[in-house]
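*Asks:*
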Amino acid sequence: MSPFYNLDLFNRILKGAICSLLLSLPAYNATVAQTIRYVKPNGTGDGSTWANASGNLQAMINASNTDEQVWVAAGTYKPTADPANRSASFSMKNGVTIYGGFAGTGNPTMAERNPTGFATVLSGEIGDPGTTNDNSFHVIFNPAGIDNSAVLDGFVITGGNASAANAPDCNGGGVYNNGNGNSKYCSPGFRYCLFVGNRARAYGGALYNTGGNGTSSPVLSNCNFRNNLAGDSGGAAYNNGSYSGNSHPVFTNCSFQTNSAGNAGGAIFSDGRVYGSSNPVLTNCSFQDNASDNAGGALYNFASTFGNSNPVLTNCSFRNNPAVNTGGAFFNNAELGGNSSPVLTNCSFQGNSAGSSGGAMYNYASVNGNARPVLINCVLFGNGDEKTFANDGGGVTATYSLFDNTVAGNTYSSDPTNLTTAASPFASPASVALAPCSPAIDAGDNSAPGLSGITVDLAGNPRIKGEQVDLGAVEFQILPPGAIFSLSADESGCPVRLTAQGTGTSFVFTGPGNVLPGNALPETYVFSNVYRTGGTYTLQAPGVKQSGTYTLTATYVYSCGTSAPVTQTVTVGRRCP
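In case it helps, mature numbering (1 follows the signal peptide of the UniProt record, and there is no 0) puts the sequence shown at residues -29 to -1, 1 to 548.
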């Protein structure tokens, strides 16, 4: 049953989502703005203090000037008290930061702000709470001229229902950013926001960014999109850069879960048709259990008539996203000279599925279109076996990537840096963390362009642990054990004694021998062929008589195999007769 009609289920989802999103909210040490306006439920004041707080959020936003703030206490706020005014919405304002998450009593400071405990909700539920049919078309409607100096921080956005027959009120139930028109723009900022339980009859259940012949490229960080629905496309978000327009939103540390679309793009639809461009940038984002009734269970990227739809994704995961027909995680569609070739660096795919083909990705190109996504340092396992990729005029260019060995080899580039495996490289079906001994560990390319400036992985841990980056979105944080030893030479007598000292288990040592008469090169001999089982030990080589440099190499045998060799050298200056 849809959560939009099961209100008890919806409330449980809402409560859990708030906790999971906002528990990670950092403490703010913000410089207090010149003016702060205060809002709390049922407030009757002018907003000058908490004691004199206003109950009219929009009025306080409108009254604020550049570099001013609005602080909002816990509670639910609606854009109108008139249950018949479905066109009523909140709107943001340039230069104004709106903070939620304050207690409704006392005089809470920024240091005491706690959106987890003091959920601040912007709701489109203006009418009968038993139905969504009379909800606001948009919880927030941002007109042209809004830039990312307008910021919403720490709010829940819910209950928008863009159910009208025609635009704009059939799109963007949660937030509608209107950058339509020549030289128009609308690109606000959102931080630590939860978009849950919004819907649209057509496009963008939670978020509709329209830059048709204009620009709409909002910046979102640490936001969650859950249980949003679009009747057509873009269950969570629709990025419209069509008709010479631009829509390049930036999503950082965002998650998309259980969003759905009746046609395409269960989570996100990016539209770059007719000389337009929609190239969102997604870093450290996760997509789980999103679904479409046709194509692109998570993402659908569309480019036609010389347009572009080329998302750039780094450290992103796709898990259990289904499409009824094609493209479980991705559908890349390029027609009439369009280009739909996203670039994915260190991304993980697990358990995505499609009823027909392309469990992970479907690439369609026609009439001089180009649909050739690029995968670098990626891991794909359990996404439909031989039907993991489906290429209809398109293709996949992959390097330094790992596939299950049932993936049809002719569906992606046969680069020698790619690997295959019969066993899952992941810790479990419920996680894209790597398993110990996974072949994805230390198998990546540190110089991948997408890793420039990237310091953490999807889990917030160091992106590179050790010398080599892992494949996939999550770095394995336990370094494999290695041989630890030193090598020294005792030249006090002849022959010279070489001594190796080390601590560890299961070492094997090899090294050069003496130069024999008549030979240009030293013979190779085993310095020590014994395995050690713990403790600190000392091993001595047979005496050497030839001066020069001696090298000793050690490897460590452990549960996952043999470690990379460790080499030590020592120079012997004395030549023995």
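Here a beta-carbon is modelled for each residue, glycine too, at the ideal position from N, C-alpha and C.
Rounded to whole angstroms, what's the CA-CA distance from residue 432 to residue 420? Just pull it up for me.
*Replies:* Distance between the alpha carbons of residue 432 and residue 420: 20 Å.
*Asks:* Rounded to whole angstroms, what is the Cα-Cα separation between residue 440 and residue 534?
*Replies:* Straight through space, the alpha carbons of residue 534 and residue 440 are spaced by roughly 16 Å.
*Asks:* From the DSSP output, in three-state form, read off residue 242 for me.
*Replies:* DSSP places residue 242 in the strand class (E or B) of the three-state scheme.
*Asks:* What is the rounded straight-line gap between the Cα of residue 388 and the Cα of residue 370?
*Replies:* 6 Å
*Asks:* Mind checking who residue 347 pairs with in its DSSP beta bridge?
*Replies:* 316 and 370
*Asks:* With a threshold of 6 Å on Cβ separation, who are the neighbours of residue 490 within its own chain once the five nearest residues in sequence on each side are excluded?
*Replies:* With a pLDDT of 41 at residue 490, under the threshold of 50, the modelled position of this residue cannot be trusted; read the value that follows with caution. There are no such residues.
*Asks:* Would you report the Cα separation of residue 544 and residue 519, rounded to the nearest angstrom?
*Replies:* 6 Å
*Asks:* Write down the C-beta distance between residue 185 and residue 216 rounded to the nearest angstrom, noting that I regard them as a contact closer than 8 Å.
*Replies:* 5 Å
*Asks:* Per DSSP, which one or two residues make a beta bridge with residue 259?
*Replies:* Per DSSP, 228 and 290.
*Asks:* Is the beta carbon of residue 351 less than 8 Å from the beta carbon of residue 320?
*Replies:* yes
*Asks:* So that I know if they touch, is there some Cβ in chain C lying closer than 8 Å to that of residue 540?
*Replies:* Here chain C cannot be found, since the structure has a single protein chain.
*Asks:* Thinking residue 194 and residue 157 are a contact (beta carbons under 8 Å), I'd like their distance in whole angstroms, please.
*Replies:* At roughly 17 Å, the Cβ-Cβ gap does not stay under 8 Å, so residue 194 and residue 157 are not in contact.
*Asks:* Whole angstroms is fine: what's the gap from residue 118's alpha carbon to residue 47's?
*Replies:* 26 Å
*Asks:* Distance, Cα to Cα, residue 412 vs residue 424?
*Replies:* A straight-line Cα-Cα distance of about 21 Å links residue 412 and residue 424.
*Asks:* Based on Cα-Cα distance, which residue from 299, 128, 201 and 162 lies nearest to residue 146?
*Replies:* 128
*Asks:* Measuring CA to CA, which of 367, 395 and 261 is closest to residue 377?
*Replies:* 395
*Asks:* Kindly list the residues whose CB is nearer than 6 Å to the CB of residue 252, restricted to its own chain and excluding five residues on each side of it in sequence; keep chain order.
*Replies:* Close CB contacts of residue 252 within its chain, under the 6 Å cut and outside five residues either way in sequence, are with 221 and 283 (chain order).
*Asks:* Rounded to whole angstroms, what is the Cα-Cα separation between residue 241 and residue 304?
*Replies:* 10 Å
*Asks:* How many angstroms separate the CA atom of residue 380 from the CA atom of residue 328?
*Replies:* 15 Å
*Asks:* Using 8 Å as the threshold, is the C-beta distance between residue 12 and residue 44 below it?
*Replies:* yes
*Asks:* What are the boundary residues of the alpha helix (DSSP H) that residue 29 is part of?
*Replies:* Counted as a single uninterrupted DSSP element, the alpha helix (DSSP H) harbouring residue 29 occupies residues 28 to 34.
*Asks:* Which complete alpha helix (DSSP H) runs does the region 150 to 184 hold, if anything under 4 residues is left out?
*Replies:* none
*Asks:* For residue 531, tell me which candidate among 450, 540 and 538 has the shortest Cα-Cα distance.
*Replies:* 450
*Asks:* Given a threshold of 16 other Cβ atoms within 10 Å of its Cβ, counted over all protein chains shown, does residue 469 qualify as buried or as exposed?
*Replies:* buried
*Asks:* Report buried or exposed for residue 79, applying the criterion of at least 16 other Cβ atoms within 10 angstroms of its Cβ.
*Replies:* buried
*Asks:* Any idea what DSSP makes of residue 124, helix, strand or coil?
*Replies:* strand
*Asks:* Going by DSSP, what residues sit across from residue 332 in a beta bridge?
*Replies:* 301 and 360
*Asks:* With H, G and I counted as helix, E and B as strand and the rest as coil, what does DSSP make of residue 189?
*Replies:* Three-state result, residue 189: coil.
*Asks:* In chain order, what residues of the same chain have a beta carbon less than 8 Å from the beta carbon of residue 58, not counting five sequence neighbours either side?
*Replies:* 107, 108 and 140
*Asks:* Please go through the same chain and pick out, in chain order, the residues whose beta-carbon is closer than 7 Å to the beta-carbon of residue 2, but skip the five residues on each side of it.
*Replies:* The pLDDT assigned to residue 2 is 45, lower than 50, so where the model puts this residue is not dependable, and the model offers no usable value.
*Asks:* State the DSSP-derived secondary structure class of residue -27, mapped to helix, strand or coil.
*Replies:* Its pLDDT being 36, under 50, residue -27 is placed unreliably in this model, and the coordinates cannot settle the point.
*Asks:* Name the two residues that bound the continuous beta strand (DSSP E) containing residue 446.
*Replies:* Note, residue 446: premise wrong, no beta strand (DSSP E); not H, not E.
*Asks:* By alpha-carbon positions, which one of 331, 375 and 286 ends up nearest to residue 348?
*Replies:* With distances taken between Cα atoms, residue 348 lies closest to 286.
*Asks:* Compute the Euclidean distance between the alpha carbons of residue 68 and residue 90, then round it to the nearest angstrom.
*Replies:* When rounded, the distance between both Cα atoms is 17 Å.
*Asks:* Determine the burial state of residue 225: buried for a count of at least 16 other Cβ atoms within 10 Å of its Cβ, exposed for fewer.
*Replies:* With 16 or more other Cβ atoms within 10 Å, it is buried.
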